[in-house]
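Peer 1:
There are 2 protein chains.
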Amino acid sequence: MARYQVGIRTETRILDATRDLLAEGGLEAATLKAICNRAGVQAGSFYNLFASKEQAIMRVARDAIRAVDPDPGRAGTDTIADLVEAYVRFVTDQPELARIYLQIAVSGSNDDSVARRFLRHHVRRVERFADALQRADASMTPSGATQMAEVLLGALDGLAFRWVLDQSFDFAGHAKAAADQCS
Amino acid sequence: MARYQVGIRTETRILDATRDLLAEGGLEAATLKAICNRAGVQAGSFYNLFASKEQAIMRVARDAIRAVDPDPGRAGTDTIADLVEAYVRFVTDQPELARIYLQIAVSGSNDDSVARRFLRHHVRRVERFADALQRADASMTPSGATQMAEVLLGALDGLAFRWVLDQSFDFAGHAKAAADQCS
DNA sequence: TCCAAAATGGAGTGTATACTCAAATTGTCG
DNA sequence: CGACAATTTGAGTATACACTCCATTTTGGA
Numbered sequence: 214m215a216r217y218q219v220g221i222r223t224e225t226r227i228l229d230a231t232r233d234l235l236a237e238g239g240l241e242a243a244t245l246k247a248i249c250n251r252a253g254v255q256a257g258s259f260y261n262l263f264a265s266k267e268q269a270i271m272r273v274a275r276d277a278i279r280a281v282d283p284d285p286g287r288a289g290t291d292t293i294a295d296l297v298e299a300y301v302r303f304v305t306d307q308p309e310l311a312r313i314y315l316q317i318a319v320s321g322s323n324d325d326s327v328a329r330r331f332l333r334h335h336v337r338r339v340e341r342f343a344d345a346l347q348r349a350d351a352s353m354t355p356s357g358a359t360q361m362a363e364v365l366l367g368a369l370d371g372l373a374f375r376w377v378l379d380q381s382f383d384f385a386g387h388a389k390a391a392a393d394q395c396s
Numbered sequence: 214m215a216r217y218q219v220g221i222r223t224e225t226r227i228l229d230a231t232r233d234l235l236a237e238g239g240l241e242a243a244t245l246k247a248i249c250n251r252a253g254v255q256a257g258s259f260y261n262l263f264a265s266k267e268q269a270i271m272r273v274a275r276d277a278i279r280a281v282d283p284d285p286g287r288a289g290t291d292t293i294a295d296l297v298e299a300y301v302r303f304v305t306d307q308p309e310l311a312r313i314y315l316q317i318a319v320s321g322s323n324d325d326s327v328a329r330r331f332l333r334h335h336v337r338r339v340e341r342f343a344d345a346l347q348r349a350d351a352s353m354t355p356s357g358a359t360q361m362a363e364v365l366l367g368a369l370d371g372l373a374f375r376w377v378l379d380q381s382f383d384f385a386g387h388a389k390a391a392a393d394q395c396s
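Residue numbers (the numbering used here), protein chains in the order written: chain A, 214 to 396; chain B, 214 to 396.
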C-alpha cells in the first residue's frame with residue numbers, strides 16, 4: 214500500500230503543470246491533454262493519481278488561496294499596513310494566481326466546496342484585519358472593527374480585480390489610500 | 214437586404230432566451246442547444262442572425278453592464294448615496310447577471326474587447342462617483358476625489374463579490390458603511 | 001531474487017459542443 | 001399573382017473534451 218517514490222514525483226509534475234497552465238491561460242487552458250503533455254505523462258497515469266481533473270485543479274487552487282494569507286506566525290502583532298502590504302504583494306507578485314483565485318471563486322462550480330473554502334479564508338482574514346484595527350484604535354467596538362475590516366478587504370479585492378483587468382492601474386497606491394481611510 | 218419583421222422577432226426571442234438562461238444557470242447553462250430550444254428555433258436560424266454564440270451572449274451582457282449605471286439623465290445631480298443604492302440594487306436584483314459580469318470580466322477571454330468594455334464603464338462610473346464626492350465636499354481636489362471614488366467602487370465590487378459567494382452577507386449594509394467612510 | 005503492488009502507455013469510448021449547408025418555406029413588393 | 005430575397009429547417013460535420021481499460025513495465029520490500 215505504501216506509495217512508490219516515482220508516483221509521488223509524477224504527482225508533483227502534474228500539479229506543477231496544472232499550476233503553470235492555469236497561470237498562463239486560466240481555467241480554459243488547463244485541459245487534461247495540456248496538463249498531461251506538459252507533465253510528460255499519459256492520461257492513464259493522471260487518473261492513477263487523481264480521481265478527476267477538477268481534483269488536480271482544486272489542489273492548486275487551495276494552495277493559491279492559502280498564499281493570500283500573510284505570515285500566520287505574526288498573527289496578533291501585525292498592523293493594518295503590514296496586512297495590506299502582504300495582500301498587495303501577493304496580487305502583484307503572482308497576478309495569474311490572483312486571476313485564478315477570482316476565476317475559480319466566481320465560476321459557479323457544481324461543487325460549492327470551493328466557494329466555502331474561499332469564504333473560510335476570507336472570514337479568517339477579516340478577523341485578522343479587525344484585530345489589527347482594534348489594536349490601533351482601542352475605542353473601536355468589535356462589531357465596528359469587523360464591519361470596517363469587511364469593507365477594507367472588500368476594497369482590496371475590488372481594487373485587485375480592477376488591476377487584473379488593467380495592470381496599468383496603481384493598485385498599491387489605491388490600496389494604501391483605502392487603508393488610510395480606516396484611521 | 215431589408216429585414217423582415219419575423220426575423221427581428223426571432224432575434225429578440227433568441228436574446229430573451231439567452232438572458233433567461235444566463236440568469237438561471239450562468240454561462241454554463243447557456244449552450245447553443247438550450248438557447249435554441251428555449252427560443253423555439255433551430256440552430257440554422259440562430260446562425261442566420263448571429264455570427265456566433267458569444268455574440269448573442271455579449272449583447273445580453275452589454276445590456277446588463279449598462280444596467281449597473283444609474284439613470285444617466287440624473288448625472289451631475291445624484292448623491293453618493295444614490296449611486297451606491299443603484300449599484301446595490303443591480304447586484305441584489307440580478308445576482309446571476311452580477312456573477313456573469315464578474316465571470317466574463319475575469320475569464321481572460323480570447324477577445325479582450327470584453328475587458329475593455331468593462332473598463333470603459335468602470336471609468337465612467339468612477340467619474341460619476343468622483344463628481345458626486347466633490348459636490349458633497351468642495352474642498353476635495355479632483356485627483357483626491359477620483360482616488361476616493363476608485364476605492365469606494367473597488368469596495369463595492371469586492372463586497373458584491375463576497376455577496377455572490379455568500380448571499381447571507383449583508384451587502385447593502387456594508388456598502389452603506391463604505392459610502393459613509395467617504396464623508 | 002522474487003513478486004505483488006504501483007505506475008505507465010496509449011489506443012479507445014462516449015458525449016457534448018459550436019457551427020454548416022442545401023433545400024424548403026415564408027414574407028414583401030411591384 | 002409572381003418573383004425574389006429573407007428566413008427557417010434539421011440533419012449533418014468537425015472537434016474537443018474528460019475519462020476508461022488493460023496489457024505491460026517498474027518499483028521496492030521481504
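We put the CB at the ideal spot given by N, CA and C, even for glycine.
Does the segment 354 to 374 of chain B come into contact with the segment 346 to 357 of chain A, if we say contact requires no fewer than three beta-carbon pairs (one atom in each stretch) closer than 8 Å?
Peer 2: Short answer: they don't touch.
Peer 1: Count the other C-beta atoms from every protein chain shown that fall within 10 angstroms of the C-beta of ARG222/B, then say buried if there are 16 or more, exposed otherwise.
Peer 2: For this step, residue 222/B is matched to residue 9 along the second sequence. So ARG222/B counts as exposed.
Peer 1: Three Cβ pairs or more, each shorter than 8 Å: is that satisfied between the segment 325 to 333 of chain A and the segment 229 to 239 of chain B?
Peer 2: no
Peer 1: For VAL304/A, which of ALA385/A, THR231/A and SER320/A has the nearest alpha-carbon?
Peer 2: Here residue 304/A corresponds to residue number 91 of the first sequence, with the count starting at 1. For VAL304/A, the nearest C-alpha among the options comes from ALA385/A.
Peer 1: So for ALA252/B, helix, strand or coil by DSSP?
Peer 2: Sequence index remark: in the second sequence, residue 252/B carries index 39 (1-based). Here ALA252/B sits in helix by DSSP.
Peer 1: Taking only beta carbons into account, state which residues of the segment 328 to 349 of chain A come closer than 9 Å to chain B, listed in chain order.
Peer 2: Flagged, chain order: ALA328, ARG329, PHE331, LEU332 and HIS335.
Peer 1: Is there a Cβ of chain B sitting closer than 7 Å to that of ASP393/A, yes or no?
Peer 2: By one-based count along the first sequence, residue 393/A stands at place 180. No, ASP393/A does not count as interfacial toward chain B.
Peer 1: Write down every uninterrupted run of the alpha helix (DSSP H) in the segment 294 to 379 of chain A whose length is 4 residues or greater and which is fully enclosed by it, in chain order.
Peer 2: Given a length threshold of 4 residues, each whole run of the alpha helix (DSSP H) inside the segment 294 to 379 of chain A is given here in chain order: 308 to 319, 326 to 349 and 355 to 378.
Peer 1: Run the CB neighbour count on ALA388/A, radius 10 Å, all protein chains shown included, and call it buried at 16 or more, exposed below.
Peer 2: In the first sequence, residue 388/A corresponds to position 175, counting from 1. The residue is buried, with at least 16 neighbouring Cβ atoms inside 10 Å.
Peer 1: Where ILE293/A and LEU378/B are concerned, what is the direct C-alpha to C-alpha distance, given to the nearest angstrom?
Peer 2: For the purposes of this step, residue 293/A is taken as the residue at position 80 of the first sequence. For the purposes of this step, residue 378/B is taken as the residue at position 165 of the second sequence. Roughly 25 Å separates the two Cα atoms.
Peer 1: According to a CB-to-CB cut-off of less than 9 Å, which residues of the segment 363 to 379 of chain B neighbour chain A?
Peer 2: GLU363, VAL364, LEU365, LEU366, GLY367, ALA368, LEU369, ASP370, GLY371, LEU372, ALA373, PHE374, ARG375, VAL377, LEU378 and ASP379
Peer 1: Given a cut-off of 7 Å on the beta-carbon distance, is the pair LEU245/A and LYS266/A in contact?
Peer 2: Numbered from its first residue, the first sequence carries residue 245/A at position 32. Numbered from its first residue, the first sequence carries residue 266/A at position 53. Yes. Within cutoff.
Peer 1: If you draw a straight line from the C-alpha of ASP276/A to the C-alpha of ASP284/A, how long is it?
Peer 2: In the first sequence, the residue the question calls residue 276/A occupies position 63. In the first sequence, the residue the question calls residue 284/A occupies position 71. Cα to Cα, ASP276/A sits roughly 14 Å from ASP284/A.
Peer 1: Using the Cβ count rule (16 or more neighbours within 10 Å means buried), how would you classify GLN360/B?
Peer 2: Numbered from its first residue, the second sequence carries residue 360/B at position 147. Counting Cβ neighbours within 10 Å, GLN360/B comes out buried, since at least 16 surround it.
Peer 1: Per DSSP, what kind of secondary structure is TYR260/A in: helix, strand or coil?
Peer 2: In the first sequence, counting from the first residue as 1, residue 260/A sits at position 47. Here TYR260/A sits in helix by DSSP.
Peer 1: Sorted by chain position, which residues of the same chain lie with C-beta nearer than 7 Å to LEU228/B's C-beta, five sequence neighbours on each side aside?
Peer 2: Sequence index remark: in the second sequence, residue 228/B carries index 15 (1-based). The answer, listed in chain order, is ALA269, ARG272 and VAL273.
Peer 1: Applying the criterion that 16 or more other CB atoms from any shown protein chain within 10 Å of the CB defines a buried residue, is GLN218/B buried or exposed?
Peer 2: Within the second sequence, residue 218/B is the residue found at index 5, counting from 1. Exposed, because fewer than 16 other Cβ atoms sit within 10 Å of the Cβ of GLN218/B.
Peer 1: What span of residues does the alpha helix (DSSP H) with ARG216/A cover, start to end?
Peer 2: In the first sequence, counting from the first residue as 1, residue 216/A sits at position 3. Going by DSSP, ARG216/A is part of no alpha helix (DSSP H) at all; its letter is neither H nor E.
Peer 1: According to the neighbour-count rule (16 or more other Cβ atoms, all chains shown, within 10 Å of its Cβ), is VAL319/A buried or exposed?
Peer 2: Sequence index remark: in the first sequence, residue 319/A carries index 106 (1-based). With 16 or more Cβ atoms within 10 Å of its Cβ, VAL319/A is classed as buried.
Peer 1: Work out the CA separation of PHE263/A and GLY286/B for me, nearest whole Å.
Peer 2: Translated into the one-based positions of the second sequence, residue 286/B becomes position 73. Translated into the one-based positions of the first sequence, residue 263/A becomes position 50. So the alpha carbons of these two residues sit roughly 56 Å apart.
Peer 1: Would VAL364/B pass as a contact of ALA343/A if the rule is Cβ separation under 7 Å?
Peer 2: Counting from 1 along the second sequence, the entry for residue 364/B is found at position 151. Counting from 1 along the first sequence, the entry for residue 343/A is found at position 130. Not a contact, by the Cβ cut-off of 7 Å.
Peer 1: For the alpha helix (DSSP H) containing GLN268/A, name the first residue and the last one.
Peer 2: Within the first sequence, the letter at position 55 stands for residue 268/A. GLN268/A -> alpha helix (DSSP H) spans 266 to 281.
Peer 1: Please determine, among GLU340/B, ALA230/B and HIS334/B, the residue with the shortest C-alpha to C-alpha distance to ALA243/B.
Peer 2: In the second sequence, counting from the first residue as 1, residue 243/B sits at position 30. Here the closest residue by C-alpha is ALA230/B.
Peer 1: Hey, ALA252/A and ARG279/A: beta-carbon distance below 7 Å or not?
Peer 2: Position 39 of the first sequence, counted from the start, is the residue given in the question as residue 252/A. Position 66 of the first sequence, counted from the start, is the residue given in the question as residue 279/A. Cβ atoms of ALA252/A and ARG279/A: not closer than 7 Å.
Peer 1: For ALA358/B, decide whether its Cβ has a neighbour in chain A, counting only Cβ atoms nearer than 7 Å.
Peer 2: Translated into positions along the second sequence, residue 358/B becomes position 145. No, ALA358/B does not count as interfacial toward chain A.
Peer 1: Please report how far the alpha carbon of GLU402/A lies from the alpha carbon of ARG216/A, in whole angstroms.
Peer 2: Given a span of 214 to 396 for chain A in the structure shown, any question on residue 402/A remains unanswerable.
Peer 1: Taking the alpha helix (DSSP H) that ASP284/A belongs to, which residues open and close that run?
Peer 2: The residue you call residue 284/A lines up with position 71 of the first sequence. Note, ASP284/A: premise wrong, no alpha helix (DSSP H); not H, not E.
Peer 1: Is the beta carbon of ALA362/A closer than 7 Å to that of VAL336/A?
Peer 2: Within the first sequence, numbered from 1, the residue matching residue 336/A stands at position 123. Within the first sequence, numbered from 1, the residue matching residue 362/A stands at position 149. Against a cut-off of 7 Å, the Cβ pair of ALA362/A and VAL336/A comes out as no contact.
Peer 1: Residues of chain A with a CB under 7 Å from the CB of ALA390/B: which are they?
Peer 2: For the purposes of this step, residue 390/B is taken as residue 177 along the second sequence, with counting starting at 1. Simply GLN360 and VAL364.
Peer 1: Can you name the start and end residues of the alpha helix (DSSP H) that ALA390/B belongs to?
Peer 2: By 1-based counting over the second sequence, the position of residue 390/B is 177. Per DSSP, ALA390/B belongs to the alpha helix (DSSP H) from 384 to 393.
Peer 1: Residues in the same chain with beta-carbon distance under 6 Å from ALA247/A, minus the five sequence neighbours each way, listed in chain order, please.
Peer 2: Here residue 247/A refers to the residue found at position 34 when the first sequence is read from its first residue. If we look at ALA247/A and ignore the five residues flanking it on each side, its Cβ neighbours are LEU234.
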